[in-house]
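Undergrad:
In my numbering, the protein residues as written are 652 to 806.
So, in structure tokens, the structure goes:
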């Protein structure tokens, strides 16, 4: 499978993006204010040196930022020119000059793995699998049961 083939898989890209919105690997990040900053016209000032927590998981589920955030909807990422959320509302890899250095590589690797797995296997979630949110720095899933069947219709 070539880089160009994976790059052109727009539906896969949307599915990966929506998955990262609903299940970001980092649920919170922090930044330190490099100068005093007033939040709009609120009168609230974040003083230089203060650490500010950015609640990524909460932002990804904010109905003011994403319509019907509890629903898995990859279409919200299909056409980025029609994306309605604020550019800093979606932060699975952070944003700005300090975002994740491995972001592009990680996205390509995820897409290659998923495309190859789906090409060669069929997957079904077993009834024993229940995904529950647990607060922490990173999200992980325990007790993930899948039924995997090798596809015979692929070369």
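Yeah, the Cβ is synthetic: ideal placement off N, Cα and C, and Gly gets one too.
Is it the case that the Cβ atoms of residue 668 and residue 728 are separated by a distance below 8 Å?
TA: Yes, these two residues count as a Cβ contact at 8 Å.
Undergrad: Residue 736 and residue 717 look like a contact to me (Cβ under 8 Å); what is the Cβ gap, rounded to whole Å?
TA: Going by Cβ atoms, the distance from residue 736 to residue 717 rounds to 6 Å, so yes, they are a contact pair.
Undergrad: Out of 684, 687 and 772, point me to the one whose CA is closest to residue 803's CA.
TA: Here the closest residue by C-alpha is 772.
Undergrad: Compute the Euclidean distance between the alpha carbons of residue 767 and residue 754, then round it to the nearest angstrom.
TA: So the two alpha carbons sit approximately 20 Å from each other.
Undergrad: Please report the straight-line C-alpha distance between residue 774 and residue 693, rounded to a whole angstrom.
TA: Taking the straight line from one Cα to the other gives about 50 Å.
Undergrad: Can we say the stretch 741–750 touches the stretch 693–703, given the rule of at least three CB pairs closer than 8 Å?
TA: Counting Cβ pairs under 8 Å, fewer than three are found: no touch.
Undergrad: In this structure, how does DSSP classify residue 726 when only helix, strand and coil are distinguished?
TA: Helix, per DSSP.
Undergrad: I'd like the list of long-range same chain contacts for residue 726, defined as Cβ closer than 8 Å, with 5 residues on each side in sequence excluded.
TA: Hits under 8 Å: 665.
Undergrad: Tell me which residues share the same chain as residue 732 and place their Cβ nearer than 7 Å to its Cβ, disregarding the 5 neighbours each side in the sequence.
TA: Caution is warranted here: a pLDDT of 48 is assigned to residue 732, below 50, making its placement in the model unreliable, and no coordinate value can be reported.
Undergrad: Below 7 Å CB to CB, which residues in the same chain sit around residue 777 once its five sequence neighbours on both sides are set aside?
TA: Counting only Cβ-Cβ distances below 7 Å, and skipping sequence neighbours, we find 796, 797 and 798.
Undergrad: Taking the alpha carbon of residue 739 as the point to measure from, which residue in 762, 758 and 709 has its own alpha carbon closest?
TA: Per the Cα distances, 709.
Undergrad: Just the Cα atoms here: how many angstroms apart are residue 675 and residue 711?
TA: If I take the Cα positions, the gap works out to 9 Å.
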